[in-house]
Ligand code: NAX
């Protein structure tokens, strides 16, 4: 029989954790041939919720699920792990300054980075979901000097999927026919959802939009005034309509991200926040969202895309925010 793979999920007693666990245990992330052991990490006040989820996992009798353990010690939770989904984070409380938020999260992602460094498997892959996700990934990576920096990523796949979800009805095309959308920059309202290189069933999306909306200018207006803000502010829209933040869609995106990272992308690229190698002028070492393909188990930034003046400006705006966050955590000695 195949040796089970260890997966660590932090914040496992929270909402996204609850949406993630059952799909991961059913094989949606690593496929039907990979048995898994789940390590659930919580803080003391979340332990009962995680333990309850563990009982329910037992009651599902998933054939691929070999073991579930619940921990409040990061060192124990990350020991031997190959896949770490860092969901638990400190939310922004009313009246909290950004510096306080970054410091609180530094207190979480620093020690978790150290625990990954100390005990994770050699092939560990980390995706940070907890916000501010890009900078939390930077902090964790900085505390794991023995783990290659490219093993630390942050989730922008939800933004990517939200963009696909907006384009499909706008072009009256099945969502599965759309390729090569990009989310650039930070997982925040400054992100740049970019359709300049996207295609639907092989045809360029900008031209399809122009044909449907009555010209190039109308298409541009729709992209700038409707599509981009709708995607960038979708989290707030979900809260407004649902009365609670995105949960199942966030869990789904985290699963998509890990599955593609392990099994590869086919037929075009996706979006993920990865450590910059300087591509597209994004300063090295920032964790920024790029167009990426997963090849042989590694993310590769898609090279050579042309960015017009508008795109360059949008990317630069989001990167400036990432630089600010990095400088703030540097000043706090968190990296
Ligand atoms: P919940 O508050 O329901 O759950 C968070 C859980 O994390 C809690 O059970 C808490 O006890 C636990 N936790 C806190 N600190 C921890 C630590 N040091 N170690 C282990 N567990 C810890 O929030 P939920 O709705 O699940 O959202 C989790 C995070 O995802 C938030 O930071 C949220 O902002 C972020 N999101 C990120 C998204 C993305 O696309 N990157 C989208 C969805 C979501 O907003």
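Numbering (the UniProt record's numbering), first residue to last: 2 to 336. The beta carbon of each residue, even a glycine, is placed where N, CA and C say it ideally should be.
- The closest CA to that of residue 88, considering only 9, 73, 99, is found on 9.
- Beta-bridge analysis with DSSP links residue 9 to 40, 85.
- The beta carbon of residue 286 sits closer than 7 Å to those of 276, 277, all from its chain and outside the five residues before and after it, given in chain order.
- In the DSSP assignment, residue 289 falls within the beta strand (DSSP E) that extends over 288-296.
- Straight through space, the alpha carbons of residue 319 and residue 191 are spaced by roughly 5 Å.
- Judged by DSSP secondary structure, residue 77 falls within the alpha helix (DSSP H) whose first and last residues are 75-79.
- If you look at residue 193, you'll find it isn't in any alpha helix (DSSP H); it sits in the beta strand (DSSP E) that goes 193-195.
- According to the DSSP assignment, residue 281 belongs to no alpha helix (DSSP H), since it is labelled neither H nor E.
- At a cut-off of 3 residues, the continuous stretches assigned as beta strand (DSSP E) that sit fully inside the segment 222-287 are 271-276.
- If you draw a straight line from the Cα of residue 58 to the Cα of residue 256, it is about 17 Å long.
- Here the distance from the Cβ of residue 247 to the nearest heavy atom of ligand 1 is below 7 Å.
- For residue 125, there is no enclosing alpha helix (DSSP H), as DSSP marks it with neither H nor E.
- The beta-carbon separation of residue 251 and residue 130, rounded to 7 Å, stays under the 8 Å limit for a contact.
- Short note on residue 132: C-beta closer than 7 Å to some heavy atom of ligand 1.
- Spatial neighbours of residue 183 in its own chain (CB-CB distance under 6 Å, excluding positions within 5 residues in sequence) are listed in chain order as 195, 272, 292.
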